[in-house]
Amino acid sequence: MARGVTIKDVAAEAGVSFKTVSNVINGTGSMRESTRERVLAAMDKLNYAVNLSARSLKTGTTGLLGLAVFDFSQPFASYLADQVIDYAREYHYGVIINTYGQTEHGLARAMRQANNLAADGWIVFADHAFEQHGKLLEQNYPLVLAGDWSAYGKVDQVTMPNADAIRYATNRLLDAGCRSIALFGADGSLGVEHYRKATEGTQALRMQGYMQAHQEHGLEVDIGMLFSWGLLMSDSGVHAVDLMLERGVHPDAIICLNDAMALGALHQLQVRGLRVPGDVQVIGFDNVPETKYANPSLTTIDPHVDSYVRHAVDMLIERIQGYGGPPRVYTSDFTLVERASTRL
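In terms of the UniProt record's numbering, the sequence shown opens at residue 1 and continues consecutively.
Pasting the structure below:
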């Protein structure tokens with residue numbers, strides 16, 4: 001930062017009081033949005049940066065939020081992190097990020113490590129179920145759970161409309177005349193009954209939407225139309241296409257449980273000589289930026305990540321500021337973004 005720039009300098013530039021600038025920095029007090037924007041503009045102009053050590057001593061806060069994600073090998077993780085960073089900035093908070101790998105042990109370790117990292121609260125994007133009735137959620141820091149595993153009513157949570165979104169996309173394909181729809185990302189070896197009884201988990205809930213749409217059309221789910229290969233990555237989509245074709249399955253459409261798989265599937269379908277959407281239609285889930293530039297561009301479910309993230313950050317900031325009400329749950333809406341990989 002420019003040496004010697006102080007809160008008083010920012011206050012003079014913005015034409016407000018020292019207290020108003022302090023309130024903006026600490027996210028306290030009430031003021032008009034125009035006043036807040038004027039202070040932030042003055043801070044940018046003067047290249048003023050908050051001294052986190054001084055802030056921590058004075059207010060007991062660091063001005064940092066924590067975000068724990070599985071890793072950055074999936075496009076969605078980067079997309080989510082970018083959104084959190086952008087929105088936290090509106091509160092004048094920075095973000096520190098910890099990755100835990102796609103294991104239950106890694107997730108538990110990351111949540112315990114959070115006590116030793118300089119953040120006022122954490123958003124944890126959980127990719128695994130919590131054992132022992134969510135005992136791991138009983139932490140001594142503000143926490144928001146982002147994900148589709150049970151929070152046992154212990155912490156605030158944001159979730160996605162998994163079943164409803166896949167149900168809608170499947171119904172759109174069925175209504176358009178498709179009768180054989182493969183699902184990439186669901187493990188068929190677990191059996192249909194396993195998914196029917198599930199109450200949590202992203203893959204299981206999305207599978208339920210697929211099953212519901214078939215039931216509404218009077219169709220049975222064929223377990224032979226479910227394909228999964230390792231983690232839900234782009235190479236998983238590639239291998240799932242190869243496995244499907246080796247089994248002699250030629251569906252009218254493929255629904256992938258995330259965009260990473262869908263992008264890999266798009267690539268491999270064309271390598272194997274199939275036209276998209278002429279021979280087979282493809283739908284993904286997440287609407288990550290890369291889907292617009294795929295060839296063909298990918299039809300995908302947009303789970304309104306911007307709203308999902310805003311609610312997570314808002315709830316976390318409220319907890320940091322002392323909100324003591326009961327845990328809240330927010331479920332985002334969705335939109336099917338129709339592009340060139342389908343003929344709906």
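Every residue, glycine too, gets a C-beta built ideally from N, C-alpha and C.
Could you tell me the distance, in whole angstroms, from the CA atom of residue i to the CA atom of residue j?
i                : j              : result
phenylalanine 72 : arginine 179   : 36 Å
proline 277      : asparagine 162 : 24 Å
arginine 247     : leucine 145    : 39 Å
leucine 231      : leucine 40     : 42 Å
serine 307       : valine 329     : 13 Å
methionine 244   : serine 30      : 58 Å
glutamine 270    : leucine 173    : 21 Å
glutamate 37     : valine 313     : 19 Å
aspartate 9      : tyrosine 87    : 26 Å
glutamate 318    : glutamate 90   : 14 Å
leucine 205      : glycine 325    : 28 Å
isoleucine 7     : asparagine 47  : 11 Å
arginine 339     : threonine 291  : 9 Å
aspartate 82     : histidine 92   : 15 Å
glutamate 200    : leucine 80     : 21 Å
glycine 134      : threonine 62   : 27 Å
serine 56        : glutamate 33   : Because serine 56 sits at a pLDDT of 48, beneath the cut-off of 50, its placement in the model cannot be relied upon, and the following sentence gives the value as read from the coordinates. Each residue's alpha carbon lies about 25 Å from the other.
glutamine 139    : glutamine 74   : 28 Å
leucine 190      : alanine 198    : 11 Å
alanine 11       : glycine 106    : 45 Å
asparagine 295   : asparagine 98  : 33 Å
serine 297       : tyrosine 195   : 30 Å
lysine 45        : leucine 316    : 29 Å
histidine 311    : arginine 112   : 24 Å
aspartate 252    : serine 78      : 32 Å
leucine 219      : aspartate 235  : 30 Å
proline 327      : threonine 20   : 31 Å
asparagine 23    : glycine 94     : 16 Å
Just verifying my parser: in three-state terms, what is the DSSP assignment at residue i?
i                 : result
phenylalanine 76  : helix
phenylalanine 125 : strand
aspartate 156     : strand
alanine 42        : helix
aspartate 259     : helix
serine 53         : Because serine 53 sits at a pLDDT of 45, beneath the cut-off of 50, its placement in the model cannot be relied upon, and the point is left open.
aspartate 9       : helix
residue 349       : Shown here, the chain extends from 1 to 344; a query on residue 349 therefore has no answer.
aspartate 302     : strand
leucine 344       : coil
glutamine 113     : helix
valine 337        : strand
leucine 190       : helix
phenylalanine 184 : strand
leucine 219       : coil
glutamine 281     : strand
Determine, using beta carbons only, whether residue i and residue j come nearer to each other than 7 Å.
i              : j                 : result
leucine 274    : valine 280        : yes
tryptophan 149 : alanine 118       : no
alanine 110    : alanine 151       : no
alanine 213    : phenylalanine 227 : no
threonine 170  : tyrosine 210      : yes
leucine 64     : isoleucine 96     : yes
leucine 136    : lysine 154        : no
histidine 304  : aspartate 333     : yes
alanine 108    : glycine 66        : no
leucine 344    : alanine 176       : yes
isoleucine 320 : aspartate 120     : yes
valine 249     : valine 221        : no
aspartate 302  : threonine 331     : no
alanine 186    : glutamine 208     : no
valine 337     : valine 84         : no
Could you check which residue in the options has the C-alpha nearest to that of residue i?
i             : options                        : result
tyrosine 293  : Tyr100, Ser341, Ala312         : Ser341
glutamate 13  : Ile25, Arg32, Met43, Ser22     : Met43
valine 124    : Gly94, Asp156, Tyr93           : Asp156
threonine 299 : Leu316, Asp82, Ser22, Ala265   : Ala265
glycine 188   : Asp164, Trp229, Gly153, His217 : Trp229
glutamine 215 : Tyr168, Ile254, Ala253         : Tyr168
arginine 272  : Asp242, Pro296, Asp252         : Asp242
glycine 147   : Phe70, His217, Leu190          : Phe70
glycine 322   : Leu143, Ser78, Ser22, Gly94    : Leu143
Since residue i contacts residue j with CB under 8 Å, what's their CB separation in whole angstroms?
i              : j                 : result
valine 288     : phenylalanine 18  : Actually they are not in contact, since the Cβ atoms of valine 288 and phenylalanine 18 sit about 43 Å apart, beyond 8 Å.
threonine 35   : valine 5          : The Cβ separation is near 20 Å, so there is no contact.
methionine 261 : phenylalanine 184 : 5 Å
leucine 263    : phenylalanine 285 : Their Cβ separation, rounded to whole angstroms, is 12 Å, which puts leucine 263 and phenylalanine 285 out of contact at 8 Å.
glycine 237    : glutamine 268     : 7 Å
isoleucine 166 : isoleucine 254    : Not a contact, Cβ separation roughly 13 Å.
tryptophan 122 : tyrosine 100      : With 8 Å as the limit, tryptophan 122 and tyrosine 100 do not qualify as a contact, their Cβ atoms being about 12 Å apart.
Would the beta-carbon of residue i be found less than 6 Å away from any heavy atom of the ligand NAD?
i                : result
phenylalanine 76 : Inclusion of the ligand NAD in the displayed structure is not the case, the ligand content being empty and no account of it being possible.
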